[in-house]
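These notes concern the structure reproduced below.
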């Protein structure tokens, strides 16, 4: 449990963000807010936002529904999506919060979500932005709301207990994918609220016999924890230039740089690593939902 304790210590510790990290956090938060606005839709959703958990859910869905949210590429995690969705909902419930406290909680939550992705050693079966995201978001919320270090283990335990979302939605390009982001943000809020109400959670949830590493995906946390507080992972997150799966952007950028008109193109053949095909290599269907097109 040493790695888990290091993560919990990091989540609860006092931090002063380095100047560049703060700039990066502000830039990425601005991008995520813009993506949220682009993904927002009907006025009927406004009524649900009066409930914090519903607000977190809707925020998460709006952030991810256009596939435009920033991504930590080596970790394969939309690291800001769940964390920002949950923090926005809770800070609104609190009537606002200190700007520095919000940015630090954001940076900490993004760091942990990214770190779990960086620690993963196997192919994804569960949807990592949701499973790693709910943990990063819950610990960020615990920090923002002043949960003592001793209870942060309960926050982590309940967040893990609520973790879910699989890659089947990605394979089928289903609208369930952003719903999984929304559900993770909602679960993060619920985890902290339950701890504040006196509930506890399991503790050895990263490396225990039925923990994250055993059930969701194998982890080598030694890849991540030695650099906690020294390397801020939020500064490694990439803003997306196109609203589509990140694995498609190399091809899109190349086509854009060629400046071709559609009339000039009979067909396109792309040579790419197997991962690119696995993530975005779907057959063109005559009738397909927007969720299929965006990936």
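Numbering (my numbering), first residue to last: 17 to 311. All C-beta atoms in this analysis are idealised placements derived from N, C-alpha and C, irrespective of residue type, glycine included.
My output table needs one value for residue i: the three-state DSSP class, helix, strand or coil.
{"i": "residue 137", "result": "coil"}
{"i": "residue 205", "result": "helix"}
{"i": "residue 19", "result": "helix"}
{"i": "residue 284", "result": "coil"}
{"i": "residue 221", "result": "coil"}
{"i": "residue 31", "result": "coil"}
{"i": "residue 229", "result": "helix"}
{"i": "residue 87", "result": "strand"}
{"i": "residue 67", "result": "coil"}
{"i": "residue 251", "result": "helix"}
{"i": "residue 168", "result": "helix"}
{"i": "residue 242", "result": "helix"}
{"i": "residue 269", "result": "helix"}
{"i": "residue 302", "result": "coil"}
{"i": "residue 279", "result": "helix"}
{"i": "residue 210", "result": "helix"}
{"i": "residue 264", "result": "helix"}
{"i": "residue 111", "result": "coil"}
{"i": "residue 191", "result": "coil"}
Assuming residue i and residue j are in contact, meaning their beta carbons sit under 8 Å apart, how far apart are those beta carbons, in whole angstroms?
{"i": "residue 150", "j": "residue 179", "result": "5 Å"}
{"i": "residue 68", "j": "residue 106", "result": "6 Å"}
{"i": "residue 88", "j": "residue 252", "result": "6 Å"}
{"i": "residue 77", "j": "residue 152", "result": "The pair is not a contact, with the Cβ atoms about 18 Å apart (cut-off 8 Å)."}
{"i": "residue 33", "j": "residue 120", "result": "6 Å"}
{"i": "residue 177", "j": "residue 242", "result": "About 28 Å separates the two Cβ atoms, so there is no contact after all."}
Please report the straight-line C-alpha distance between residue i and residue j, rounded to a whole angstrom.
{"i": "residue 295", "j": "residue 189", "result": "10 Å"}
{"i": "residue 206", "j": "residue 71", "result": "12 Å"}
{"i": "residue 200", "j": "residue 146", "result": "6 Å"}
{"i": "residue 45", "j": "residue 287", "result": "34 Å"}
{"i": "residue 18", "j": "residue 273", "result": "49 Å"}
{"i": "residue 26", "j": "residue 248", "result": "11 Å"}
{"i": "residue 101", "j": "residue 75", "result": "5 Å"}
{"i": "residue 301", "j": "residue 231", "result": "34 Å"}
{"i": "residue 264", "j": "residue 156", "result": "31 Å"}
{"i": "residue 209", "j": "residue 29", "result": "20 Å"}
{"i": "residue 267", "j": "residue 258", "result": "11 Å"}
{"i": "residue 245", "j": "residue 110", "result": "27 Å"}
{"i": "residue 284", "j": "residue 270", "result": "11 Å"}
{"i": "residue 131", "j": "residue 298", "result": "29 Å"}
{"i": "residue 254", "j": "residue 308", "result": "23 Å"}
{"i": "residue 182", "j": "residue 115", "result": "34 Å"}
Which residues does DSSP list as the beta-bridge partners of residue i?
{"i": "residue 235", "result": "136"}
{"i": "residue 182", "result": "142"}
{"i": "residue 307", "result": "BP columns for residue 307 are empty, so no partner."}
{"i": "residue 93", "result": "88"}
Quick check on residue i - is its C-beta less than 8 Å from some C-beta in chain D?
{"i": "residue 87", "result": "The structure shown contains no chain D, having only a single protein chain."}
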